[in-house]
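Encoded as structure tokens, the structure appears first; notes follow it.
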Amino acid sequence: MKKESTHLPLFILGGVILYFLSGMVDELRVYQGASIAVYVIAISSLILLTGYSGQVSLGHGALLAIGAYSAAISKNELGFPVLASFIVAVIITAAGGALLGAAAARLSGPYLAGTTLALAVGLPSLANQFEILGGEQGLLFDVGFPPLSLGEDFTQYKWFFWIAGLAALISMWLVNNILKSRYGRTWRAGRANDVAAQLAGINTGRSKVLAFTISAGIAGLSGALLSMTIGTVSPSAFPLALSFSLLTGAVLAGITTLGGVILGAFVLVAIPEVADVIAHRLGASEGVTTNLPGLIVSGLLILTVLFVPNGPVEQHRARKAKHEALLGSKHK
Amino acid sequence: MQLLNTLLIGITAGSIYALMAIAFVLVWRSTRVVNFAQAGMALLSTYFGYEAVSRIGSFWVALPVAMIGGAIFAALVELILMRMLVKHASSGPIAGVAPIIATLGLLGVIRAVISMIWGGQDLRIVAPISNNGFTINGSTLVFSPLKLLILVVVVILLILLSVLFQKTNLGLALRASAHAPEIARLSGVRVDAVRTLGWALAGAAGAVAGLFQTVNGNGNFSPDSIEFSLLLVSGFIAAVIGGLDSLLGAVLGGLFLGISISFVLIYVSSGLFFIAPFVILLVVLFVRPQGIIGVKAGRRA
Amino acid sequence: MKALNRRKLITASAVLAIVGLAATAIPAQAKEVGVSSTEIKLGMTLPMTGTASLGYNKIPGAAKAYFDYLNANGGINGRKVTLVVKDDRYVPTEAVAKTNELILKDKVMALLAPLGTANVKAVASSVNPGRRGIPVLFVNTGFSGFADKKKYPTTYTVLPSYVMEAKIMGQYIKENFAGKKIGLLYQDDDFGTDALAGFKTAGVNFAVRVPYASGSQSATAAAGWITKFKAAEADVVILFGVSSATSAMLGTAAQLKYAPQWMLGSVGGDATTIRATGVPAAVLTNAIGFSPVPATTDMKDEYVKFFSDIYAKAVPGSPFDLNVLLGMNTAFMTAQALKAAGPNLTRKSLINAINTKGATFANSALVPAAYSRTSQVGLTGYWVGRYSSTGDLAPVGGSYVAYTTDSGSGAVVKSTYKRPAMPAKGLPN
């Protein structure tokens, strides 16, 4: 069997493009770019868990929170350098994911959804109970100024964008290769038919836990990066709405494919702006303006699930495959 | 006295969660879908009730208006959204998560539209009967005529619905349409109509939950009020704790959740407000993953 | 074949991104951001919707009412003051996002009266207005930490801090409720911790302390709080929470016939807001309250008369309450600061003006402000009153008795401050 390429050159190309991009646009866009990068990582972790492994998570926000708090604490209390704190975030959240996965293995469908929902609401508020977690106002997470070697004009936001963008490229490359590997195939088998997979010798329980672990680790990274862009880690940064937004992004991206992740993340960040423009064009009242973004996001969710359930990218690919199959059969 | 009051607070809150849980179970039993928009529908029904109270002035009229409005809206959602979902997204990997995502989206849409139509500010529905605590021997209990009414209504609804499901042909049809729709169809059951009916019943139950949750508080409600977020999360957790398959489980789950949260908040710390439901859920699912009165999964092929 | 499609997709995404982002390239920088020859732009973030917005969402209307009056009378050195308001729903991350919009998109000159301890903190560390030289004027929170010049170099408080308030409360309790059992309801975050620190300095020992998680305040939760206060047999119950928490508490207390001696913190103490949620005025009567500005019903006070007249014309039908008074007062002080910064208005000149002349800015407060080159602290105390039979806060016996202190270990003293007369026509001189 021909070994699938890892598409490394593609990701390097992406990096170069982003590098030039960051120099050309204004601060607000750069900041949004950092947000997009963070979402890309978070959504890809959700695709891994829900799309590939078939386990619904309504509480990914909580995993982001674990990553963020781990990074902040390891940096503030233990004095780790920033990069190390990110790695800590990945490891601790992965451990949390393993625990969650082990617990979740006994649950299915709505029970799992319910547990993750409760997790999303409950976990962030744990911060108020332990002094070290900083309570409602949270902990500071300051990654410091960009190094002077980059010049005086190099803004903080551009620095965020570089860090987040690089992390996004690396994690996307990793996730892509994991999904294409034996593990990815194992997950898809388990999702499609649990019993058949077991008959084929796959330990579905273990593979489910593995999916949770890896997904959590990646989610933890995005959580740490999210806190970097906000500068603080606090419970209010991880509301239930965040988990829902991530799920929306995953569905928009095409919950079973990685390709649309950028699109999904982009749409999530762009919607408030688009909604603002629409509201102003229509000369709408205060009430409409505030609620338009929420309406668009939720409406988009419903429409996507109805008409493009596997995501625009997958839809396009499926149509193309069908087209090619038709052409192929004509030649017979 | 503190013990008694803690218990009473828990029972009242729990009975409202039970109403919500009943709505979730009704939808699950008739269409095997978890409707995350249930609380949003309850919220919408509350607004219907508010409009009725403002025009007619009587809560007792507003209650059935809200229930009917809620039932109709729920039926419409089933007819339009759910049928489309089945048509477009019932195959492939998306099938399992599609209803969850669609109903989540619906929740957001309902909230946004309510805010646009009625605005985000607090509106008020005054309780029909007194919410002042009963006074016994000079000390006042956290239990009032209103809270007694809520409890009574929950029990009545439970009995009525259970009778419907277990003892009537309609109930049999409802159960059959969920578990084995093809066979039911062959037996002459109008499966689609029956499923819609299940949603309508759930819509009515949710409406009652919404109205009672509002008047049990200080009567103020808005799209963002904590009361409705509680309905969503705690109502769902109560249903899961009870085991999604049973109406009795829904009520037991609701009461259990309400009482345990109350004890945690009063005897441990009231700062644990958001964590308590989660921990309780974990504990229950760890001990009984199928819920209090659930059927163990795995029997299904 | 597959690899080619993948590459196409990623390239397409990149192109899309470039086109989209480049299409919003900004023009060259203005001379001073937010200042033109005709306009001064200020930005405000606060909860306009959501549980915490109760009462506070009247502040923008109040501030704008004064600014409109100011603009109609020549503005500041010929420039009109414009206020851009964004709703952050009391969520710190949204505050950060909206503040970014104000600074990067709306390009405001300064941030005015952002609301919420956690929100201002989040903005300070993420958006970092201090490092960018953006003034953060008269923050709408009493968190004592904002007085730290090193951490918040361009931030000015105006409200007396929670520590100050707690110390004054503690002094009042010592003088009037010695030996009684005291209970405290507080918010589970910096807002509450500040209060606890102040009470500690004042030496108050609580029989019971009930924290509530921010966002969880509701009538049902209040029933739980009351059960605890009852169990501890508290004689005096201090409500040091936001308006929605105070309302929930008082409303439920009425239903449960629970009536200790109430003491309301100023944050959640606005009588009009509380009564609007259905709490009967009788529940408030005789409760003890604190305010740095005159009673909102005191029409003999020239500032109160002036402000309420303007507000009644600008927002007819809306009751004039403490939130409105404080909002207009802050706008008044802002106008003074902008005028004092001179016709060559820059962010630096504004900061300099407050540092040098801030302590003398005319405003309605009955206690002095402490702005100086070394201090960015605003008002330093409160007067103590009781809520009347109509549920409005009024000074006991009709004359204001105010106390001042600091956020440290300084003593609480009776204030001898005499408020100077209001400048002519209420315009900055």
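Protein chains in written order, with this note's numbering: chain A, 1 to 332; chain B, 1001 to 1301; chain C, 2001 to 2429.
Even glycine gets a Cβ: it sits at the ideal position worked out from N, Cα and C.
Model, not experiment: these values are computed from the prediction.
Check                                                                                                             : Outcome
Meets three-Cβ-pair contact criterion under 8 Å: the stretch 200-210 of chain A and the stretch 10-17 of chain A  : no
Straight-line gap, C:Ala2022 to B:Ile1183 (C-alpha atoms, nearest Å)                                              : Residue confidence for C:Ala2022 is low, a pLDDT of 45 falling below 50, so the modelled location carries little weight; the figure read from the coordinates is stated next. For C:Ala2022 and B:Ile1183, the distance between alpha carbons rounds to 60 Å.
Collapsed DSSP secondary structure at C:Ala2025 in the structure displayed                                        : Residue placement at C:Ala2025 is flagged as unreliable, the pLDDT there being 43, under the threshold of 50; the coordinate-derived value follows with that caveat. Coil at C:Ala2025, not helix or strand.
Closer than 7 Å at the beta carbon, the chain A residues around C:Leu2115                                         : By Cβ distance, chain A contributes nothing, its closest Cβ being about 14 Å from C:Leu2115, past 7 Å.
Cβ of A:Leu107 within 7 Å of any chain B Cβ                                                                       : yes
Where C:Val2208 falls: helix, strand or coil (DSSP)                                                               : strand
Cα-Cα separation, C:Val2237 to C:Val2136                                                                          : 34 Å
C:Gln2336 vs C:Phe2307 beta-carbon contact at 7 Å                                                                 : no
Pairwise C-alpha distance: C:Thr2296 and C:Ala2312                                                                : 13 Å
Closest residue to A:Ile12 among A:Ile262, A:Ala197, A:Pro235 and A:Leu166 (Cα-Cα distance)                       : A:Leu166
Short CB-CB distance (under 7 Å) between C:Ser2218 and chain B                                                    : yes
Inter-residue spacing [alpha-carbon to alpha-carbon] between C:Gly2221 and B:Gly1108                              : Note on identity: in this sequence residue 2221 of chain C is Ala, with Gly being the wrong assignment. Answer to the nearest angstrom: the Cα atoms are 26 Å apart.
N- and C-terminal bounds of the alpha helix (DSSP H) containing C:Glu2094                                         : Pro2092 to Asn2100
Where C:Arg2079 sits in the DSSP three-state scheme                                                               : strand
Of the residues C:Gly2385, C:Arg2386 and C:Ala2118, the one placed nearest C:Ser2144, counting alpha carbons only : C:Ala2118
Through-space distance from C:Gly2268 to B:Gly1258, alpha-carbon basis                                            : 28 Å
Reduced DSSP secondary structure (H/G/I, E/B, other) of C:Gly2068                                                 : One point to set straight first is that residue 2068 of chain C is Asp, not Gly, in the sequence displayed. Helix at C:Asp2068.
Alpha helix (DSSP H) runs wholly inside the stretch 2201-2278 of chain C, at least 4 long, in chain order         : 2219-2231, 2243-2255 and 2271-2276
Integer-rounded CB distance, given that C:Ala2234 should sit under 8 Å from C:Lys2181                             : 5 Å
Residue environment, C:Asn2429, which counts as buried when at least 16 other CB atoms sit within 10 Å            : exposed
Within chain C, partners of B:Val1265 - CB distance below 7 Å                                                     : According to the sequence provided, residue 1265 of chain B is Leu. The question's Val does not apply to it. Per Cβ cutoff of 7 Å: Gly2224.
For C:Gly2378 and C:Thr2157, believed in contact at Cβ under 8 Å, the rounded distance                            : 5 Å
Within chain C, partners of B:Gly1120 - CB distance below 7 Å                                                     : Thr2049
7 Å Cβ cutoff, C:Pro2129 in contact with chain B                                                                  : no
Beta-carbon proximity list for A:Val269, same chain, < 6 Å, skipping 5 on both sides                              : Gln32, Ser35 and Ile36
Cα-Cα separation, A:Arg182 to A:Arg188                                                                            : 10 Å
Of the listed residues A:Ala68, A:Leu112 and A:Phe160, nearest to A:Leu49 (C-alpha basis)                         : A:Leu112
8 Å contact criterion, which C:Gly2183 and B:Ser1262 should meet: CB distance rounded                             : That pair is no contact at about 20 Å.
Test: B:Ser1000 CB closer than 7 Å to a CB of chain C                                                             : Any question about residue 1000 of chain B goes unanswered here, given that chain B covers just 1001 to 1301.
Chain A residues whose Cβ lies nearer than 8 Å to that of C:Asn2100                                               : Leu28 and Tyr31
From A:Val25, A:Ile66 and A:Ile132, residue whose alpha carbon lies closest to that of C:Leu2104                  : A:Val25
Residue nearest to B:Ala1188 in terms of C-alpha spacing, selected from B:Gly1203, B:Leu1172 and B:Ile1072        : Rather than Ala, the amino acid found at residue 1188 of chain B in this sequence is Gly. Selected option, being the one with the closest Cα: B:Leu1172.
Residues bridged to C:Leu2046 [DSSP beta-bridge criterion]                                                        : C:Asp2087
Secondary structure of C:Lys2105, DSSP reduced to three states                                                    : helix
Short CB-CB distance (under 7 Å) between B:Asn1005 and chain C                                                    : yes
Coarse secondary structure for C:Ala2030, derived from DSSP in three states                                       : For C:Ala2030, the predicted structure reports a pLDDT of 45, less than 50, and the residue's modelled location is therefore unreliable. The matter cannot be settled from this model.
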